[in-house]
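Residues in the sequence shown are numbered from 6 upward in steps of one, following our numbering.
Note that the Cβ used here is the ideal one computed from N, Cα and C, for glycine as well.
Below: one structure, written as structure tokens.
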Amino acid sequence: MDALQSVEQLTITTNGAIATSTTNNACLDLFVSLPNATNLHSRLENAYQENSLTTLAIIFHCRSIHDGKKDKTTFYQCFFWLLKHHPRTALKNMEYIVKGTVASRPVTEQDDLEAAGWDLLQDDDDDMDDCDTPRTTNNPVKKAKPLFYRSHGYWKDLLNIVSIYALGDITCPADSIALTHPRNKPNPLSLANRKHRRKNSRAATRALKKMDKEVAATIKAQQAKQDADKRYAAKDKAACDRYDLRLSRQTWCSRLLETDVVYRALHFTVARLFADQLQKDLACLHSFNEAHPDSSISTDTDKYALANTLSFAAKWAPSLASAHDKYSLMATSIAELMFIKDPLLAQDQRAYRLNGARDLYRRQVLVPLRKALEITERKMSENNWKDIDFSHVPAVCMQNCRNLFVKHAKDEYLEFLQAVQKGKAKVAGGVLGPHDFVKRALLINAKTPDYERLLIDGQWSSYIRGLQDACSPGHALRGSLAVCDVSGSMNCSGKLLGGATAMHAAIGLSLTLMALAAPPFTGMMITFDSNPNVVKIDPKQSIVDQAKQALKAPWGSSTDLYKVFVDLLLPMAIKLKIKQEDMVKRLFVFTDMQFDACEHINSCYETAAPFDTLWQSIVAEYHHAGYEPPEIVWWNLAATEMPITAQGSHNTPGMAMVSGFSQNMLKTFMDGEQVESEVKQKPVVTPLELMTKSLSVPSLSGLQVYD
Numbered sequence: 006m007d008a009l010q011s012v013e014q015l016t017i018t019t020n021g022a023i024a025t026s027t028t029n030n031a032c033l034d035l036f037v038s039l040p041n042a043t044n045l046h047s048r049l050e051n052a053y054q055e056n057s058l059t060t061l062a063i064i065f066h067c068r069s070i071h072d073g074k075k076d077k078t079t080f081y082q083c084f085f086w087l088l089k090h091h092p093r094t095a096l097k098n099m100e101y102i103v104k105g106t107v108a109s110r111p112v113t114e115q116d117d118l119e120a121a122g123w124d125l126l127q128d129d130d131d132d133m134d135d136c137d138t139p140r141t142t143n144n145p146v147k148k149a150k151p152l153f154y155r156s157h158g159y160w161k162d163l164l165n166i167v168s169i170y171a172l173g174d175i176t177c178p179a180d181s182i183a184l185t186h187p188r189n190k191p192n193p194l195s196l197a198n199r200k201h202r203r204k205n206s207r208a209a210t211r212a213l214k215k216m217d218k219e220v221a222a223t224i225k226a227q228q229a230k231q232d233a234d235k236r237y238a239a240k241d242k243a244a245c246d247r248y249d250l251r252l253s254r255q256t257w258c259s260r261l262l263e264t265d266v267v268y269r270a271l272h273f274t275v276a277r278l279f280a281d282q283l284q285k286d287l288a289c290l291h292s293f294n295e296a297h298p299d300s301s302i303s304t305d306t307d308k309y310a311l312a313n314t315l316s317f318a319a320k321w322a323p324s325l326a327s328a329h330d331k332y333s334l335m336a337t338s339i340a341e342l343m344f345i346k347d348p349l350l351a352q353d354q355r356a357y358r359l360n361g362a363r364d365l366y367r368r369q370v371l372v373p374l375r376k377a378l379e380i381t382e383r384k385m386s387e388n389n390w391k392d393i394d395f396s397h398v399p400a401v402c403m404q405n406c407r408n409l410f411v412k413h414a415k416d417e418y419l420e421f422l423q424a425v426q427k428g429k430a431k432v433a434g435g436v437l438g439p440h441d442f443v444k445r446a447l448l449i450n451a452k453t454p455d456y457e458r459l460l461i462d463g464q465w466s467s468y469i470r471g472l473q474d475a476c477s478p479g480h481a482l483r484g485s486l487a488v489c490d491v492s493g494s495m496n497c498s499g500k501l502l503g504g505a506t507a508m509h510a511a512i513g514l515s516l517t518l519m520a521l522a523a524p525p526f527t528g529m530m531i532t533f534d535s536n537p538n539v540v541k542i543d544p545k546q547s548i549v550d551q552a553k554q555a556l557k558a559p560w561g562s563s564t565d566l567y568k569v570f571v572d573l574l575l576p577m578a579i580k581l582k583i584k585q586e587d588m589v590k591r592l593f594v595f596t597d598m599q600f601d602a603c604e605h606i607n608s609c610y611e612t613a614a615p616f617d618t619l620w621q622s623i624v625a626e627y628h629h630a631g632y633e634p635p636e637i638v639w640w641n642l643a644a645t646e647m648p649i650t651a652q653g654s655h656n657t658p659g660m661a662m663v664s665g666f667s668q669n670m671l672k673t674f675m676d677g678e679q680v681e682s683e684v685k686q687k688p689v690v691t692p693l694e695l696m697t698k699s700l701s702v703p704s705l706s707g708l709q710v711y712d
């Protein structure tokens with residue numbers, strides 16, 4: 006029966022390779038299929054029945070910017086399923102979207118003692134005699150970086166979830182206008198109408214010149230009056246339409262709050278999270294102001310010390326009459342929770358109290374907190390471009406607003422980028438994905454301004470430096486090699502928001518792994534389509550040069566992974582008589598998992614059985630040659646919904662399965678696993694163990710199941 010069941014679970018990829026349609030573990034099936042799972046709701050249901058807490062962790066791991074796949078649209082889909090079927094669990098855990106649980110660096114015992122309130126003694130010079138390694142100028146003690154905690158998502162996620170629900174887009178949140186807020190769609194005939202009006206205006210002007218001056222003046226006056234009347238009528242109609250739209254939105258929101266129990270609970274859960282955090286931030290701001298009564302901050306250190314103690318709730322809190330306030334009236338709910346008990350508003354009617362609370366919310370909460378946070382967009386809106394500290398501009402803002410910075414503060418911006426190039430300043434780039442860098446790098450050419458290249462090089466350096474800092478000594482990535490799929494399907498498997506493809510992600514992740522690997526694997530990767538190729542790239546080059554050099558590798562329409570092992574790695578090992586301990590320890594295969602069938606009948610190592618998967622065929626070839634295959638990490642980069650085409654089960658040894666465009670999954674292999682230990686014994690990692698390890702991070706430990 007087991008044999009029949011295993012055959013029944015076999016499937017084939019779009020290119021004919023044998024694979025399995027399941028890993029025989031519902032939670033692992035969900036984990037490896039996100040963010041592009043087919044039948045997502047049924048997978049969620051099966052996984053929740055198997056292990057509810059693990060499923061909850063998988064959902065939040067999908068959103069996690071720093072510890073997971075940082076895919077917010079898929080997270081919204083999963084969260085709405087959770088809200089529908091397990092509302093108490095969804096609402097009780099919403100705080101972990103914005104709660105600081107992700108440590109900026111590994112937490113030490115000293116950090117725990119300081120958090121517990123212990124006063125730790127500093128080492129004095131007298132203690133140097135007892136040290137085995139004295140502190141000298143040649144052997145300084147490296148000071149630990151400041152420890153702070155980041156969240157899995159951001160505060161706008163909460164508003165997006167409420168707005169998507171209010172607009173009725175929970176079945177397909179990725180297409181909701183709550184995520185884009187488009188302005189009025191342009192009339193496709195506007196250009197033609199403009200040309201027609203211009204033509205008529207010129208004809209009328211020529212006709213007036215031929216008329217008597219008094220008659221022409223009379224006609225002009227009449228025409229001006231008609232035009233003015235049209236403008237006033239259009240203005241009045243637009244005002245009435247806006248009023249009707251605002252009234253219909255308010256009526257709809259009020260009806261939802263009255264009739265939909267789930268939405269009411271969701272709405273006020275989010276409002277309470279905002280109100281509580283804003284109250285804490287206000288208390289922190291008032292304490293700081295009391296410590297600085299002269300309202301002057303002497304140094305940038307004091308200024309950013311204040312900003313670092315505040316959350317970003319004020320930045321993302323809905324402004325009055327803004328998009329989120331229009332769709333959900335969220336600003337009113339937050340203001341009511343914060344100020345409804347204000348004695349100045351106690352005697353007024355409810356409508357007047359709400360208006361007063363909204364005004365206090367704007368003046369006493371949003372304005373001072375946003376000023377204290379040193380928000381870049383605030384200075385931009387005030388036209389204080391030269392006051393922007395570019396070293397504290399977030400990575401996404403830096404990328405989106407770079408042209409505006411050049412336009413309004415060119416000298417300061419270019420000076421900052423040149424300082425970054427010289428290593429005297431740093432630019433944020435850690436939250437960007439590898440596909441973002443490659444997509445931007447491939448667009449740079451000889452006509453591109455120099456500041457574009459300086460910016461992307463600085464952000465790439467920051468991105469790599471952040472990953473290197475997260476690596477423990479002797480991490481497992483040192484002995485790893487990237488296998489990059491450059492077949493045509495990688496450009497045709499769909500695009501992410503922003504136009505990135507699976508090809509961009511595969512190249513970006515391969516370049517990332519090359520930078521983290523140790524010699525002889527540094528700067529080396531294998532590309533494959535019809536034939537495999539070893540590509541060497543200097544990781545010290547700019548990201549632009551690296552990406553373009555990687556793209557020059559031969560690529561075609563097929564995806565023949567079998568040749569990478571049987572026609573390249575294995576014959577080379579046999580020819581050079583390489584010992585098992587000298588073989589590559591781990592291979593990361595960045596691909597969309599749609600491999601070609603094994604049709605290499607003339608292979609001298611052909612030992613595969615008829616129903617073997619592609620990987621089982623490769624393992625058989627290795628064993629026939631007297632070698633153990635390397636540990637393999639299947640990294641699924643398919644950007645469209647595809648069924649599972651796995652190359653193993655949940656307990657297949659020496660194998661791991663991950664998916665998504667985020668580099669965060671590499672961190673699972675950075676925890677100090679010694680390469681030397683891998684030489685002595687066969688890797689025993691399994692797909693299920695890798696998933697468990699990824700979900701066992703401290704930032705997900707607070708999640709709980711309630712229903």
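Counting only runs of at least 3 residues, the stretch 17–81 fully encloses the following beta strand (DSSP E) elements, listed from N- to C-terminal order: 23–25. Beta-bridge pairing by DSSP links Thr-532 to Cys-489, Asn-538.
Counting C-beta atoms within 10 angstroms of its own C-beta, Cys-177 has fewer than 16 neighbours from the protein chains shown and is therefore classed as exposed. Within 10 angstroms of the beta-carbon of Asn-669 lie 16 or more other beta-carbons, which makes it buried.
Annotated three-state conformation of Arg-203 is helix, per DSSP. Rounded to whole angstroms, the gap between the alpha carbons of Asn-360 and Phe-344 is 11 angstroms. Under the criterion of beta carbons closer than 8 angstroms, Phe-674 and His-480 qualify as touching, at roughly 7 angstroms. Secondary structure note for Ser-515: its alpha helix (DSSP H) is the uninterrupted segment 507–521. Beta bridge pairing from DSSP links Trp-639 with Val-594, Met-662.
The DSSP assignment places complete alpha helix (DSSP H) segments of no fewer than 4 residues inside the stretch 372–422 at 372–377, 381–386, 400–405, 407–413, in order along the chain. Closest by C-alpha distance to Leu-592, out of Ala-95, Val-663, Trp-257, is Val-663. For Tyr-268, the three-state secondary structure derived from DSSP is helix. Inter-residue distance for Ala-424 and Leu-472 is about 22 angstroms (C-alpha atoms, whole angstroms).
In this structure, the alpha-carbon of Ala-238 lies about 33 angstroms from that of Ser-181. Cβ atoms of Leu-378 and Leu-287 stay farther apart than 8 angstroms, at about 12 angstroms. Between the alpha carbons of Phe-65 and Asn-98 lies a distance of about 10 angstroms. For Leu-325, there is no enclosing alpha helix (DSSP H), as DSSP marks it with neither H nor E. Bounds of the alpha helix (DSSP H) holding Pro-439 are 439–448.
By the neighbour-count criterion, in which a residue is buried when 16 or more other Cβ atoms sit within 10 angstroms of its Cβ, His-91 is buried.
With contacts defined as CB atoms closer than 8 angstroms, Val-589 and Pro-635 qualify as a contacting pair.
Of all C-beta pairs linking the stretch 108–116 to the stretch 272–284, fewer than three are shorter than 8 angstroms, placing the two stretches out of contact.
Note on Arg-251: under 16 other CB atoms within 10 angstroms of its CB, so exposed under the neighbour-count rule.
Here the C-alpha atom of His-628 lies approximately 24 angstroms from the C-alpha atom of Asn-538. Within the model, the alpha-carbon separation for Ala-362 versus Glu-341 is close to 6 angstroms.
For Arg-470, the secondary structure class from DSSP, reduced to helix, strand or coil, is helix. In its chain, beyond the 5 residues on either side, Asp-490 have a beta carbon closer than 6 angstroms to the beta carbon of Thr-596. If you draw a straight line from the Cα of Leu-39 to the Cα of Phe-666, it comes to about 11 angstroms. Contact fails between the stretch 291–299 and the stretch 196–214, because fewer than three Cβ pairs, one in each stretch, are under 8 angstroms apart.
Look at Tyr-357 here: in three-state DSSP terms it is helix.
Look at Val-710 here: in three-state DSSP terms it is coil, with no helix or strand label.
Contact between the stretch 650–657 and the stretch 578–589 is absent: fewer than 3 CB-CB pairs across the two stretches fall below 8 angstroms. In this structure, the alpha-carbon of Asp-265 lies about 26 angstroms from that of Arg-247. Straight-line spacing of the CA atoms in Arg-260 and Lys-204 works out to 50 angstroms. Secondary-structure assignment with DSSP links Ala-108 through a beta bridge to Tyr-154. Taking a 10 Å sphere around the C-beta of Tyr-170, we find 16 or more other C-beta atoms and assign the residue as buried. It is roughly 10 angstroms from the alpha-carbon of Pro-454 to the alpha-carbon of Val-411.
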